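The listed protein sequences correspond, in order, to chains B and E. With our numbering applied, the first sequence covers 833 to 947. With our numbering applied, the second sequence covers 3 to 112. All C-beta atoms in this analysis are idealised placements derived from N, C-alpha and C, irrespective of residue type, glycine included. In this text, all values refer to a predicted model and were calculated from it rather than measured experimentally.
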Amino acid sequence: ETGVTQTPRHLVMGMTNKKSLKCEQHLGHNAMYWYKQSAKKPLELMFVYNFKEQTENNSVPSRFSPECPNSSHLFLHLHTLQPEDSALYLCASSQEWRTSTDTQYFGPGTRLTVL
Amino acid sequence: GQQLNQSPQSMFIQEGEDVSMNCTSSSIFNTWLWYKQDPGEGPVLLIALYKAGELTSNGRLTAQFGITRKDSFLNISASIPSDVGIYFCAGRPGTYKYIFGTGTRLKVLA
Numbered sequence: 833e834t835g836v837t838q839t840p841r842h843l844v845m846g847m848t849n850k851k852s853l854k855c856e857q858h859l860g861h862n863a864m865y866w867y868k869q870s871a872k873k874p875l876e877l878m879f880v881y882n883f884k885e886q887t888e889n890n891s892v893p894s895r896f897s898p899e900c901p902n903s904s905h906l907f908l909h910l911h912t913l914q915p916e917d918s919a920l921y922l923c924a925s926s927q928e929w930r931t932s933t934d935t936q937y938f939g940p941g942t943r944l945t946v947l
Numbered sequence: 003g004q005q006l007n008q009s010p011q012s013m014f015i016q017e018g019e020d021v022s023m024n025c026t027s028s029s030i031f032n033t034w035l036w037y038k039q040d041p042g043e044g045p046v047l048l049i050a051l052y053k054a055g056e057l058t059s060n061g062r063l064t065a066q067f068g069i070t071r072k073d074s075f076l077n078i079s080a081s082i083p084s085d086v087g088i089y090f091c092a093g094r095p096g097t098y099k100y101i102f103g104t105g106t107r108l109k110v111l112a
């Protein structure tokens, strides 16, 4: 109901695999985000795209590669991950990054397990 | 980095009781958001606050933007079993990225 969908909902991958997470928002927003949620830690912002341009990379390792082909779609390409990368990956969207009413709406997340 | 303290970390309450939780910051925030997250799901926005002193309700939920702009409060009245979950606050200084609290885990005893 939030207008932000994510696929897959669950993913198990080996350290040598390559996989991609997909996010789609149906809210007409211009900004999209990737967050990482690990147990007992606050949400960590990974990437921000505003009007399809990457405006923030929060010191994320290069084994995570985002892609934003348009304002409605966001991908996170994964390769050579480590077990400590196992977490819930959340996509969010908002009207516009760095505005006074930049309220973020989240998708249901992808639960990633790296073996 | 900036800290956002959310308390309590967890709480057990009886059905029908009122619940209060809060978040405090070491710096001034311009926006406060409150979310609820169920197991295996993403956070769902409950209430957004944009102005110091603002008091906003969403059904049985009421949130307030503290006058000092360094804190925010969420109250749930007459709790029911489906209120179970983790409640997060998120605050933002200026128009930069949000800082998230570590959550309050709420368990309601029927």
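Next on the checklist: So, at 8 Å on beta carbons, what are the nonlocal neighbours of ASN60 of chain E in its own chain, with the 5 sequence-adjacent residues on each side left out?
Outcome noted: LEU48 and ILE49
Item to check | Residues that DSSP places opposite LEU6 of chain E in a beta bridge | outcome: E:SER27
Checklist entry - What's the call for THR931 of chain B, buried or exposed, on a 16-neighbour Cβ count within 10 Å? => result exposed
Checklist entry - MET847 of chain B bridges to which residues according to DSSP? => result Partner(s): none; MET847 of chain B has no beta bridge.
Checklist entry - In chain B, which residues lie with their C-beta within 8 Å of the C-beta of TYR52 of chain E? => result SER932 and THR933
Next on the checklist: Would you call the region 903 to 918 of chain B in contact with the region 852 to 865 of chain B, where contact means no fewer than 3 C-beta pairs closer than 8 Å?
Outcome noted: yes
Checklist entry - Taking the beta strand (DSSP E) that HIS858 of chain B falls in, what are its first and last residues? => result Element bounds for HIS858 of chain B: n/a, residue is neither H nor E.
Checklist entry - Just how far apart, CA to CA, sit LEU877 of chain B and SER29 of chain E? => result 19 Å
Item to check | First through last residue of the beta strand (DSSP E) which encompasses ARG107 of chain E | outcome: 106 to 111
Checklist entry - Quick one: which chain A residues come within Cβ less than 7 Å of PHE102 of chain E? => result Chain labels in this structure do not include chain A; the protein chains are B and E.
Checklist entry - In chain order, what residues of the same chain have a beta carbon less than 6 Å from the beta carbon of GLN936 of chain B, not counting five sequence neighbours either side? => result ALA924 and SER926
Checklist entry - So, is the C-beta of LYS109 of chain E closer than 7 Å to a C-beta in chain B? => result no
Item to check | Cβ-Cβ separation, ASN7 of chain E to GLY96 of chain E (assumed contact under 8 Å), whole Å | outcome: That pair is no contact at about 20 Å.
Checklist entry - Below 7 Å between beta carbons: does that hold for TYR89 of chain E and LYS38 of chain E? => result yes
Item to check | Where SER918 of chain B sits in the DSSP three-state scheme | outcome: coil
Checklist entry - Taking 7 Å as the CB-CB limit, is GLY958 of chain B close to chain E? => result Nothing can be reported for residue 958 of chain B, as the shown portion of chain B is limited to 833 through 947.
Item to check | Where the beta strand (DSSP E) through PRO898 of chain B begins and ends | outcome: 896 to 902
Checklist entry - SER84 of chain E by DSSP, collapsed to three states: which one? => result helix
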